[in-house]
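Only one structure is covered here, and it is reproduced in the block below.
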Amino acid sequence: MNKSLYDYLILLGDSPLILGHRLSELCGHGPNLETDIALSNIALDLFGQVRNWFQYAAEIHGEGKTEDDIAFLRYEHEYRNVVLTEQPNKDFAWVIARQFYFDAFHYSLLTQLCESRDERISAIAAKSIKEVTYHRRFSSEWVKRLGDGTEESHIRMQNAIAHFAMYKGELFEETNVEKEMFSAGIGADFKLIKAQFESFTNEVLNEAGLEIPQIDWTQRGGKQGVHSEHLGYILADLQYMQRAYPGMQW
Amino acid sequence: MVERSMPEAEHRVREILATVKDPEIPVLTVEDMGIIRGIELDGLKVKVKITPTYSGCPAMDEIAADIRKALLAEGYEPEVISVLSPPWSSLWISAEGRRKMEVYGIAAPLEEVADKRALMGEKRVVKCTHCGSMNTRLVSQFGSTACKALFQCNDCLEPFDYFKCI
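These protein sequences, in sequence, are chains A and B. Its first residue numbered 1, the first sequence is counted upward by one per residue in this note's numbering. Its first residue numbered 1001, the second sequence is counted upward by one per residue in this note's numbering.
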């Protein structure tokens, strides 16, 4: 098995998986019908993309491994999602801030992966970027609406942005696997991702009348399998069926 | 779409595929949707290549199963393969598909440029599927399914779905 490629696909799939799960917790509990449906649709898009990444990873792994094994049969330290994605759903501004930062990163990452030397990765990225374009539009528009809305929405949005600013740094952290993939023309340039991210998010925050947080450190560890306490509870939910009924079949 | 030079055998398979409907929008066939990307025939063995519309579209597994069932029923040995590249585009929906969609009550996707403006709420170019008015507004970019956005008519006040450009 090409372990580096396998590890890379896990890195690509885990963040959308955990974020998708957090969004799915809101299904039926959104602030109103419209946003409930929107967030559920975004979650669905992300799960679809995760399926594509994990189907490829399963093929690379071989030995009968499936996309479901990869998604559901690992322990906390084996997941490689950024800790941003584990953060809970507090209020709508919280959900939007988390989404806004992730979408800005995701969009830049996928844009580059469309040019990946690995045909399958570039095909998955070309499919995903269309959907993520809508996600980014949704989250950034809500940042503007809430930031430039009422006094209450402005305060909540400002607090949310200030909180999540300490999580965005991990998005630009390049692991050894990612360095290797970039050198091979398969992965993305993190310097470019960071530059595009800062440029895009700053523009939106300015338009929203929100203060851009000045922060030079980040919460991290997710990409090395060191997660916040939240992931344990998330997996207890995500893996409930597999833990309650080991080896279950349809 | 049938080409005159197409061999009889492939034509027969396409006829069968034309009976497979989109489970979500049952007036459309998988051919109307531009989901069928290729057919490879080897006697009774048929390989059908399909492309997913949206990454997370839950209808795709059902469509693959329906295609398999339809071909099995006619005595074929089907294999359905999903191809990701080139990525599906709403431009692949046939003109007939777009017409059927409108009759069913879903506004068909506009050309790329007009669509982006409609989704940004810049210009009302989507026609109401109930009363035909052009005085409509975007309620949400996300509608009843991943592929649709929600619009409302300012004249007759009825809501309707719009198939998004992608």
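We put the beta carbon where it would ideally sit given N, CA and C, even for glycine.
Between residue 116/A and residue 122/A, the C-beta gap is smaller than 7 Å, which places the two residues in contact. Of all C-beta pairs linking the stretch 177-191 of chain A to the stretch 3-18 of chain A, three or more are shorter than 8 Å, placing the two stretches in contact. Apart from sequence neighbours up to five positions away, the residues of its chain that approach residue 19/A with a beta-carbon distance below 7 Å are 46, 85 and 102, ordered along the chain.
A residue is called buried once 16 or more other Cβ atoms fall within 10 Å of its Cβ, and residue 1134/B, having fewer, is exposed.
In the structure shown, the three-state DSSP call for residue 214/A is coil. Within 7 Å of the CB of residue 191/A, no CB atom of chain B is found; the nearest one sits about 27 Å away. Within chain B, no C-beta atom comes nearer than 8 Å to that of residue 210/A; the closest sits roughly 21 Å away. Within the stretch 121-154 of chain A, the residues whose Cβ lies closer than 9 Å to any Cβ of chain B are, in chain order, 122, 123, 124, 126, 127, 128, 129, 130, 131, 133, 134, 137, 138 and 141. With a beta-carbon spacing of about 6 Å, residue 1047/B and residue 1081/B fall inside the 8 Å limit used to define contacts. Counting along the chain, residue 147/A sits inside the alpha helix (DSSP H) bounded by residues 119-147.
Looking at the DSSP output, residue 1162/B shares a beta bridge with 1107/B and 1149/B. For residue 33/A, the three-state secondary structure derived from DSSP is helix. If you check the CB distance, residue 1106/B and residue 1151/B do not come in under 7 Å. In terms of beta-carbon proximity, residue 1166/B lines the interface with chain A, with at least one pair separated by less than 7 Å. C-alpha of residue 1146/B to C-alpha of residue 71/A: approximately 22 Å in a straight line. Of all alpha-carbon atoms in 152/A, 78/A, 32/A and 136/A, the one lying nearest the alpha-carbon of residue 231/A is that of 78/A.
Only 1052, 1054, 1055, 1056, 1057 and 1058 from the stretch 1046-1067 of chain B bring a Cβ to less than 8 Å from some Cβ of chain A. In the DSSP assignment, residue 1049/B falls within the beta strand (DSSP E) that extends over 1045-1050. Counting only Cβ-Cβ distances below 8 Å, residue 38/A has contacts in chain B at 1140, 1141 and 1142, in chain order. Using a Cβ-Cβ cut-off of 7 Å, residue 1146/B counts as an interface residue toward chain A, since at least one Cβ of chain A sits closer than that to its own.
The beta carbon of residue 1041/B is closer than 7 Å to those of 1009, 1010 and 1013 in its chain, skipping five residues each way along the sequence. Residue 198/A and residue 214/A have their C-alpha atoms roughly 12 Å apart.
Residues of the stretch 1071-1088 of chain B with a C-beta less than 7 Å from any C-beta of chain A: 1084, 1085 and 1087, listed in chain order.
Less than 7 Å divides the Cβ of residue 1109/B from the Cβ of residue 1165/B. The Cβ neighbour count for residue 5/A, taken over all protein chains shown within 10 Å, is at least 16; the residue is labelled buried. Following the DSSP letters along the chain, one finds residue 1038/B inside the beta strand (DSSP E) bounded by residues 1036-1042. Beta bridge pairing from DSSP links residue 1137/B with 1152/B. Of all alpha-carbon atoms in 1028/B, 1016/B, 1017/B and 1022/B, the one lying nearest the alpha-carbon of residue 1102/B is that of 1028/B. Secondary structure note for residue 95/A: its alpha helix (DSSP H) is the uninterrupted segment 92-113. In the DSSP assignment, residue 1080/B is bridged to 1048/B.
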